[in-house]
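Worksheet for the structure shown next.
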Ligand SMILES: Cc1cc2nc3c(=O)[nH]c(=O)nc-3n(C[C@H](O)[C@H](O)[C@H](O)COP(=O)(O)OP(=O)(O)OC[C@H]3O[C@@H](n4cnc5c(N)ncnc54)[C@H](O)[C@@H]3O)c2cc1C
């Protein structure tokens, strides 16, 4: 079979906003194309192109930019992205397709690979060229180990790139945007959340202080106590996978291997056990404080400061203490 040529990056535009992860995928794609000595194509998928288009005007002429509108509209939203992305992928004979491994991307990227009958490397953390082959590193065992997948030159490979792994190359002036702006477009998907979104808090990925809640919050009452602490600390709110699964907190707040990876100065882990999938996303915080009623919870092993007790009593007391 003939060798494939070129690198395709599937960027995302949500209502005119280029997603922050697109800048990371673009950086990964640029480097890969350079190392392969092959052309780069940037496909922008989404809506509101008239607002986003000017940001890409400054791009090098050697980069092909194509725009593909995704017609939104529940309940077929993700399938619409797959339809459009599949058309773009089939329009070339690319060696690599770099696709988002974000909370939204994980919904359509595997379907895209299946639709096009292509191999998928998920949870990818880095892309390089070794011995003429594309070598993709990926996390296994919830981030406790890393493996490298070597991709043959005669097969197109879809690479779902994890967010937060690659230093982004900012396209235009979109660096002012935040993940929160992007996910705001998707509030319709976070049914069941009890978070008061009318209050403005620092964006999770950029916040110096983050208070994260887990399954121990139980319900909206627990969330209110967490919000009160976030407000007094001017902190962003994060969530564990179990809190998201039980619809206590929305998915865009999930910290961990399938959420965001953050490095705040202060990370307060409240009522969460500290699973490897969770700690993957916050282990590099400068100070970690844990509140948990189980003194054997793994989160205490990495905490700089731990409080053993019932969060429902500790949080209001802590808020009062901080206020005074
Ligand atoms: C492929 C895959 C990807 C995943 N990705 C992620 C991810 O990105 N992020 C993530 O977080 N998880 C992820 N998970 C889920 C992960 O494995 C765990 O299930 C999850 O992190 C557990 O969430 P938790 O700590 O809130 O719940 P639990 O493990 O159930 O812990 C709840 C904790 O709350 C404490 N608690 C209960 N009540 C109170 C109280 N009143 N006061 C104080 N403490 C209390 C308990 O002692 C316990 O330690 C993933 C799983 C899979 C399979």
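In our numbering, the protein residues as written are 1 to 324. Think of the CB as a built atom: it goes at the ideal place given N, C-alpha and C, for glycine as much as any other residue.
Option in 35, 256, 80, 260 with minimal Cα separation from residue 130:
Translated into positions along the chain shown, residue 130 becomes position 130. Selected option, being the one with the closest Cα: 35.
Span of the alpha helix (DSSP H) holding residue 133?
In the chain shown, counting from the first residue as 1, residue 133 sits at position 133. It is not in any alpha helix (DSSP H) - residue 133 instead sits in the beta strand (DSSP E) that spans 133-140.
Residue 263 and residue 285: beta carbons closer than 9 Å?
Here the question's residue 263 lines up with position 263 in the chain shown. Here the question's residue 285 lines up with position 285 in the chain shown. It is a contact, given that the beta carbons lie within the stated cut-off.
Any contact of the stretch 50-59 with the stretch 120-130, i.e. 3+ C-beta pairs under 8 Å?
Cβ pair count under 8 Å is below three, so no.
So, does the stretch 237-254 touch the stretch 301-309, judging by three or more C-beta pairs under 8 Å?
These segments do not touch.
Taking buried to mean at least 16 other C-beta atoms within 10 Å of its own C-beta, is residue 187 buried or exposed?
Numbered from its first residue, the chain shown carries residue 187 at position 187. With a pLDDT of only 33 at residue 187, under the threshold of 50, the placement of this residue in the model should not be trusted; the figure read from the coordinates follows. It counts as exposed.
With contact counted as at least three CB pairs below 8 Å, one residue from each stretch, are the stretch 10-17 and the stretch 39-52 in contact?
With three or more CB-CB distances shorter than 8 Å, the stretch 10-17 counts as touching the stretch 39-52.
According to DSSP, is residue 12 part of a helix, a strand, or is it coil?
Working through the chain shown from its first residue, we reach residue 12 at position 12. DSSP places residue 12 in strand when its eight states are reduced to three.
Is the separation between the beta-carbon of residue 96 and that of residue 63 shorter than 9 Å?
For the purposes of this step, residue 96 is taken as residue 96 along the chain shown, with counting starting at 1. For the purposes of this step, residue 63 is taken as residue 63 along the chain shown, with counting starting at 1. Result no, Cβ atoms of residue 96 and residue 63 do not sit closer than 9 Å.
Over what stretch of residues does the beta strand (DSSP E) that includes residue 268 continue unbroken?
By one-based count along the chain shown, residue 268 stands at place 268. Bounds of the beta strand (DSSP E) holding residue 268 are 266-270.
Pull the bridge partners of residue 169 from the DSSP assignment, please.
Within the chain shown, the letter at position 169 stands for residue 169. Answer is none; residue 169 lacks a bridge partner.
Spatial distance of residue 280 from residue 230 (CA atoms):
Start at 1 with the first residue of the chain shown, and residue 280 comes out as number 280. Start at 1 with the first residue of the chain shown, and residue 230 comes out as number 230. Cα to Cα, the separation comes out at about 22 Å.
Please confirm whether residue 145 and residue 139 have their CB atoms less than 9 Å apart.
One-based indexing of the chain shown puts residue 145 at position 145. One-based indexing of the chain shown puts residue 139 at position 139. Yes, they are a contact pair.
What are the boundary residues of the beta strand (DSSP E) that residue 307 is part of?
Here residue 307 is taken as the residue at index 307 of the chain shown, counted from 1. From DSSP, the beta strand (DSSP E) with residue 307 extends over 305-308.
Look at the Cβ atom of residue 270, then the Cβ atom of residue 220, and state whether they are nearer than 9 Å.
Translated into positions along the chain shown, residue 270 becomes position 270. Translated into positions along the chain shown, residue 220 becomes position 220. Judged by beta-carbon spacing, residue 220 lies beyond the 9 Å limit of residue 270, meaning their Cβ atoms are not closer than that value.
DSSP bridge partner residues for residue 68 (one or two, in chain order):
Along the chain shown, read from residue 1 onward, the residue named residue 68 stands at position 68. BP columns for residue 68 point to 45.
Quick one, are the C-beta atoms of residue 7 and residue 27 less than 9 Å apart?
For this step, residue 7 is matched to residue 7 along the chain shown. For this step, residue 27 is matched to residue 27 along the chain shown. In terms of Cβ geometry, residue 7 and residue 27 do not form a close pair [threshold 9 Å].
In whole angstroms, what is the alpha-carbon distance linking residue 268 and residue 211?
The residue you call residue 268 lines up with position 268 of the chain shown. The residue you call residue 211 lines up with position 211 of the chain shown. When rounded, the distance between both Cα atoms is 5 Å.
When DSSP labels each residue in this structure, what does residue 130 get in the three-state scheme?
The residue you call residue 130 lines up with position 130 of the chain shown. For residue 130, the three-state secondary structure derived from DSSP is strand.
Restricting to Cα atoms, I'd like to know which of 209, 265, 205 is closest to residue 20.
As a working note, residue 20 is residue 20 in the chain shown. Nearest C-alpha to residue 20: 205.
For residue 146, the first and last residue of its enclosing alpha helix (DSSP H)
Taking the chain shown and counting its residues from 1, the one referred to as residue 146 is at position 146. For residue 146, no alpha helix (DSSP H) run applies; the uninterrupted beta strand (DSSP E) run containing it begins and ends at 145-151, by DSSP.
Is it true that the CB of residue 302 sits closer than 9 Å to the CB of residue 274?
Looking up residue 274 in the chain shown gives position 274. Looking up residue 302 in the chain shown gives position 302. In contact: residue 274 and residue 302 (Cβ atoms closer than 9 Å).
Quick one, which of 136, 143, 107 has its alpha-carbon nearest residue 150's?
Residue numbering aside, residue 150 sits at position 150 when the chain shown is read from its first letter. Taking only the C-alpha atoms, the option nearest residue 150 is 136.
With respect to 8 Å, is the separation between the Cβ of residue 272 and the closest non-hydrogen atom of ligand 1 below this value?
The residue given as residue 272 occupies position 272 in the chain shown. Within the cutoff, so yes.
I need the straight-line Cα distance from residue 246 to residue 236, nearest angstrom please.
Your numbering for residue 246 matches position 246 in the chain shown. Your numbering for residue 236 matches position 236 in the chain shown. Taking the Cα positions, residue 246 is about 20 Å away from residue 236.
State the DSSP-derived secondary structure class of residue 84, mapped to helix, strand or coil.
In the chain shown, residue 84 corresponds to position 84, counting from 1. Three-state result, residue 84: helix.
Span of the alpha helix (DSSP H) holding residue 29?
Locating residue 29 in the chain shown gives position 29, counting from the first residue. First-last of the alpha helix (DSSP H) with residue 29: 20-36.
With DSSP collapsed to three states, give me the class of residue 239.
The sequence position of residue 239 within the chain shown is 239, counting from 1. Taken through DSSP and simplified to helix, strand or coil, residue 239 comes out as strand.
Taking residue 65 as the reference, give the member of 79, 81, 88 with the closest Cα.
To locate residue 65, count along the chain shown from 1; it is residue 65. Across the set 79, 81, 88, the C-alpha of 88 shows the shortest separation from the C-alpha of residue 65.
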